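Novice: Numbering (the working numbering), first residue to last: 617 to 1006. Beta carbons: idealized from backbone N, C-alpha and C, even for Gly. Model, not experiment: these values are computed from the prediction.
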Ligand SMILES: NC(=O)c1ccc[n+]([C@@H]2O[C@H](COP(=O)([O-])OP(=O)(O)OC[C@H]3O[C@@H](n4cnc5c(N)ncnc54)[C@H](O)[C@@H]3O)[C@@H](O)[C@H]2O)c1
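#1: Report yes if the CB atom of residue 803 is closer than 7 Å to the CB atom of residue 768, and no otherwise.
#2: Are there any heavy atoms of ligand 1 lying less than 6 Å away from the beta-carbon of residue 734, as far as the coordinates show?
#3: Checking 7 Å against the spacing of the C-beta atoms, do residue 719 and residue 750 come in under that value?
#4: Given 6 Å as the limit, tell me if residue 852 has its C-beta closer than that to any heavy atom belonging to ligand 1.
#5: Of the residues 827, 625 and 972, which one's Cα is nearest the Cα of residue 910?
#6: Within the chosen definition, does the stretch 791 to 806 reach the stretch 886 to 900 through at least 3 CB pairs nearer than 8 Å?
#7: Got a sec? Which residues, its chain only, sit under 7 Å from residue 747 by beta carbon, not counting five neighbours each side?
#8: I need the straight-line Cα distance from residue 879 to residue 1004, nearest angstrom please.
#9: If the criterion is Cβ atoms closer than 7 Å, does the pair residue 985 and residue 871 meet it?
#10: Contact defined as beta carbons within less than 8 Å: I believe residue 786 pairs with residue 752. What is the distance between those atoms, to the nearest angstrom?
#11: Would you mind listing the beta strand (DSSP E) stretches within the stretch 751 to 823 that are 3+ residues and don't spill past its ends, in chain order?
#12: Measure the CB-CB distance between residue 849 and residue 890 and report whether it falls below 7 Å.
#13: Quick check on the DSSP output: the beta strand (DSSP E) that includes residue 650 runs from which residue to which?
#14: Any heavy atom of ligand 1 within a distance shorter than 6 Å of the CB on residue 796?
#15: In three-state DSSP terms, what is residue 701?
#16: To which residues of the same chain is residue 973 closer than 8 Å at the C-beta, ignoring the five residues directly before and after it?
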């Protein structure tokens, strides 16, 4: 039932749900958008109309009114009964998601398929709340959904296998770049990206460099669009810290994902980043932004340390079959706009250099956090590449 004529239901009309509903309607589907909060639904409706009209003015879509007409806004879950695909994007709480899925299943037809947009919960445990768990899978969009190309497609343990290529094809029809990820904590992006934040904070906590210098090094030398401290302030510490803590707990407290006290304290202080005017940086109008120390030797040291940790995460995800090498590269370039795929970056630096850098950190700290993936050790020792040389 995953075709152009599918009626798409979206549950939750917040940042993600409204964005996903927009993408589906622009792709030509009839969309039923449901929220249990009438004010949130009203706000989403108003915003969607404004957004689609602006897109028409800019020439990005031909007929905003036709797209708006494809929407219906539902105040009851039962109004999703004739949908063929339902995507859930409600609050990130397992028990609430489970109860919504179990209630939804009683309302829709047997061949309606059900997806969750969860960032960090197990798709398998959401599916387990259903009597037909084989029709449940993950469709993880990135924020803002209309602009970010990546969608992680995640089969639960119980998912009917033929559903995954069908979901992938549908996402391609929606103009998205789908990748397939195993149902493991953080899927691809939220797992592999952890060191971008965690290792940057560690460098700062050790006093090797200040935030402005680390941000400068990773943007000017590393080529990332935003430095980690600027990015964490932008995402908000309520979101970014909670993802880190969830991934850490879900990995049975693997020290590679250990959260930091610096970020936890910001959360406790209510310094959530840009949205509260203060996070790692102070955004008050009269605040003076700290200056970076543009010492290139120090800058390269910072980039090497963060990047080798990111590369190790990507290599380990490949080693544990979380995703294919191609999908890992697409995920990091399309989901978080990294300037290069991490496996290509490893090939460019060479696996033996990456392994030597990581082993030097391990030797210095004797912390499990710096252990090299078995696959990086193999590639480094045997001087192999992940992709053929161009
Ligand atoms: N915000 C992001 O960057 C992002 C990115 C990818 C995935 N996600 C995931 O998407 C989901 C939604 O996140 P968001 O940022 O859009 O949240 P949000 O808080 O902006 O919106 C959630 C909406 O769900 C509604 N809701 C809550 N419980 C409901 C219920 N039982 N029935 C119907 N509606 C209900 C709320 O009224 C609200 O409008 C979460 O699972 C989150 O992890 C978020």
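Specialist: According to the structure shown:
#1: yes
#2: yes
#3: no
#4: no
#5: Minimum Cα distance to residue 910 is reached at 827.
#6: no
#7: The answer, listed in chain order, is 721.
#8: 40 Å
#9: yes
#10: Wrong, their Cβ atoms sit about 16 Å apart, outside the cutoff.
#11: 752 to 757, 766 to 771 and 793 to 796
#12: yes
#13: For residue 650, the enclosing beta strand (DSSP E) begins and ends at 647 to 650.
#14: no
#15: DSSP places residue 701 in the strand class (E or B) of the three-state scheme.
#16: Apart from sequence neighbours up to five positions away, the residues of its chain that approach residue 973 with a beta-carbon distance below 8 Å are 920, 921 and 924, ordered along the chain.
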